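Enquirer: Take this structure first; my questions come after.
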Amino acid sequence: MHRLDHYWYHKNAVTTLMRPMSWCFRGIVGLRRKMYRLGILERVRLPVPVVVVGNISVGGTGKTPLVIALVELLIKQGYKPGIITRGYGGEQKGDPILVTPDSNPYSVSDEAVLLAQRIQCPVIACPNRIASSQLLIEKGCDIIVSDDGLQHYRLERDIEIAVIDSSRGLGNGYCLPAGPLREPEKRLKTVDFVVVNGGNSDNTDRYAMKLQSHSPRRLSTDEEQGIDNFNKTPVHAIAAIGNPQRFYRYLIASGLTVLEHDFSDHHRYTVEDITFDDDYPVLMTEKDAVKCRTIAKGDNYWYITIDAVLDERFEPLFSTLLAQYSKSN
67 MHRLDHYWYH KNAVTTLMRP MSWCFRGIVG LRRKMYRLGI LERVRLPVPV VVVGNISVGG
127 TGKTPLVIAL VELLIKQGYK PGIITRGYGG EQKGDPILVT PDSNPYSVSD EAVLLAQRIQ
187 CPVIACPNRI ASSQLLIEKG CDIIVSDDGL QHYRLERDIE IAVIDSSRGL GNGYCLPAGP
247 LREPEKRLKT VDFVVVNGGN SDNTDRYAMK LQSHSPRRLS TDEEQGIDNF NKTPVHAIAA
307 IGNPQRFYRY LIASGLTVLE HDFSDHHRYT VEDITFDDDY PVLMTEKDAV KCRTIAKGDN
367 YWYITIDAVL DERFEPLFST LLAQYSKSN
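Residue numbers (my numbering): 67 to 395.
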């Protein structure tokens, strides 16, 4: 991922050579979207509202914390939400699976298990988002939240939310493979909300989101320790997420001396990956904890949870838009 980051977030000879392939990719993406819009390819309309939270770029943008915050908001407003996720990185390829806090993350994906652990609502993992949604409706859900799926045009949606990471933005602005974009930047003009992770509220067309980190928790017992207790020695920081540098920056900003160990997104951890020849604490993200809990040996493994704090303008506007849908149906 480091090499791809270098290519995608800095213009260079490699990206220049790959630009013709990007033009082809962009053309195919545009044609596919137009075919859905014209009805040449069939779209499925569900009897309940569908909210899609996704991004137009490859890599971590902070989408999962936003999904959690959004579902908590819906529950507070009296809805019965359900989450659908493709289960990226998981082995599940068949029928929809109801994810539980104890599900195997390598089967249904680490993100799906994390969602099931954090939120009191049904979570379904399956590449078939239509079948997943129909199962949630059968279980009594009255609104569907799609974790990712901005480019899954077969499923009709009522509200689209695109998430951007403020530090990485849209990279060099090119579509795959010369850049990180799944769709051209102009796609952002068609969504209902653009949420900028780490941004500010100065832009009236976009909505800021801050990630609030909590005290580290011991992996074996969930005991909390203040982050200041970890500045006496170096710490090992492990991360198998889309944007590990965000995690490392937080630790460094907290005054810690960090030994970085990053792996590919959705990496299948081994005992050797997280075992080191010293007694330094090992810190990880909550998503990594889902996979490391069963293999960590000892009590010096810790994970950090985060919550999304949204721009105060977001909730009333989102609620108004959702109410308009409910009224029209």
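Where is the CB? At the ideal position from N, CA and C, for every residue including glycine. This one's a predicted model, so the numbers in the text were calculated from it and none came from an experiment.
Could you compute how far the alpha carbon of A362 sits from the alpha carbon of I318?
Expert: Near 24 Å, if we compare the C-alpha coordinates of I318 and A362.
Enquirer: Would you report the Cα separation of Y172 and S320, rounded to the nearest angstrom?
Expert: Between Y172 and S320, the C-alpha separation is close to 32 Å.
Enquirer: Bridge partners for M350 per DSSP, in chain order?
Expert: The partner list for M350 (beta bridge, DSSP) reads I304 and Y369.
Enquirer: Could you give the DSSP three-state label for I328: helix, strand or coil?
Expert: Residue 328 is actually Asp in this sequence, not Ile. The answer is strand: DSSP assigns D328 an E or B state.
Enquirer: So what's H68 in DSSP terms, helix, strand or just coil?
Expert: Low confidence applies here, because H68 scores a pLDDT of 49, under 50, leaving its location unreliable; read the following figure in that light. In the structure shown, H68 sits in a helix (DSSP, three-state: H, G or I).
Enquirer: Specify the secondary structure class of V119 as computed by DSSP and reduced to three states.
Expert: Strand.
Enquirer: When the Cα of D331 is compared with those of P310, G93, V324 and D339, which residue comes out closest?
Expert: Nearest option by C-alpha distance: P310.
Enquirer: Given this structure, state the Cα-to-Cα distance separating R85 from T360, to the nearest angstrom.
Expert: Cα to Cα, the separation comes out at about 44 Å.
Enquirer: Please list, in chain order, all residues of the same chain as T151 whose beta carbon is under 6 Å from its beta carbon, the five residues on each side excluded.
Expert: Closer than 6 Å at the Cβ level, and outside the excluded window around T151, lie A178, A191 and D213.
Enquirer: Based on the DSSP output, what are the partners of L164 in its beta bridges?
Expert: According to DSSP, which records beta bridges pairwise, L164 is partnered with I190.
Enquirer: Measure the alpha-carbon distance for L83 versus A228 and round it to whole angstroms.
Expert: Taking the straight line from one Cα to the other gives about 29 Å.
Enquirer: With three or more beta-carbon pairs closer than 8 Å as the criterion, would you say the segment 203–221 touches the segment 115–131?
Expert: At 8 Å Cβ cutoff, the stretches touch.
Enquirer: Can you name the residues that DSSP bridges to C241?
Expert: L247, per the DSSP bridge assignment.
Enquirer: For R283, does the three-state DSSP call read helix, strand or coil?
Expert: R283 falls in the strand class under three-state DSSP.
Enquirer: What's the gap between the Cα of V21 and the Cα of V337?
Expert: There is no way to answer for residue 21, as the model of the chain reaches only from 67 to 395.
Enquirer: DSSP beta-bridge partners for A274?
Expert: Paired residues: V262.
Enquirer: Which stretch, first to last residue, makes up the alpha helix (DSSP H) that contains T130?
Expert: From DSSP, the alpha helix (DSSP H) with T130 extends over K129 to K142.
Enquirer: Within 10 Å of its beta-carbon, does L97 have 16 or more other beta-carbons around it, so buried, or fewer, so exposed?
Expert: Its Cβ having fewer than 16 others within 10 Å, L97 is exposed.
Enquirer: Using three-state DSSP, classify N78 as helix, strand or coil.
Expert: Note: N78 maps to coil in three-state DSSP.
Enquirer: Does the Cβ of H28 have 16 or more other Cβ atoms within 10 Å, making it buried, or fewer, making it exposed?
Expert: It is not possible to answer for residue 28, since the shown part of the chain is limited to 67 through 395.
Enquirer: Would the segment 343–350 and the segment 367–375 be scored as touching if the rule is three or more Cβ pairs under 8 Å?
Expert: A contact exists between the segment 343–350 and the segment 367–375.
Enquirer: Alpha carbon to alpha carbon, how far is D365 from L325? Give it in angstroms, no decimals.
Expert: Whole-angstrom Cα-Cα distance: 19 Å.
Enquirer: Count the other C-beta atoms from every protein chain shown that fall within 10 angstroms of the C-beta of V375, then say buried if there are 16 or more, exposed otherwise.
Expert: So V375 counts as exposed.
Enquirer: Along the chain, where does the alpha helix (DSSP H) that runs through A182 open and close?
Expert: Taken as a continuous stretch (DSSP letters only), the alpha helix (DSSP H) holding A182 covers D176 to R184.
Enquirer: How would you label R109, buried or exposed, when you count the other beta carbons within 10 angstroms and need 16 or more for buried?
Expert: It is exposed - the Cβ of R109 has fewer than 16 other Cβ atoms within 10 Å.
Enquirer: Below 6 Å CB to CB, which residues in the same chain sit around L107 once its five sequence neighbours on both sides are set aside?
Expert: For L107, where only same-chain residues beyond five positions count, the Cβ hits under 6 Å are M101.
Enquirer: Would you kindly check if the distance between the Cβ of C187 and the Cβ of K142 is under 9 Å?
Expert: It is not a contact, given that the beta carbons lie outside the stated cut-off.
Enquirer: To the nearest angstrom, report how far apart D231 and I307 are at their CA atoms.
Expert: Using only the alpha carbons, I get a separation of about 14 Å.
Enquirer: Pick helix, strand or coil for V211, following the three-state DSSP scheme.
Expert: In the structure shown, V211 sits in a strand (DSSP, three-state: E or B).
Enquirer: Could you check where the alpha helix (DSSP H) with P310 kicks off and where it finishes?
Expert: Counting along the chain, the alpha helix (DSSP H) containing P310 begins and ends at P310 to A319.
Enquirer: Can you tell me whether N297 is buried or exposed, with buried defined as 16 or more other CB within 10 angstroms of its CB?
Expert: Looking at its Cβ environment, which holds fewer than 16 other Cβ atoms inside 10 Å, N297 is exposed.
Enquirer: Whole angstroms are fine: how far does the CA of P282 sit from the CA of E381?
Expert: Each residue's Cα considered, the two are about 29 Å apart.
Enquirer: Among the candidates T256, L164 and W89, whose CA atom is the shortest distance from the CA of D224?
Expert: Ranking T256, L164 and W89 by Cα distance to D224 puts T256 first.
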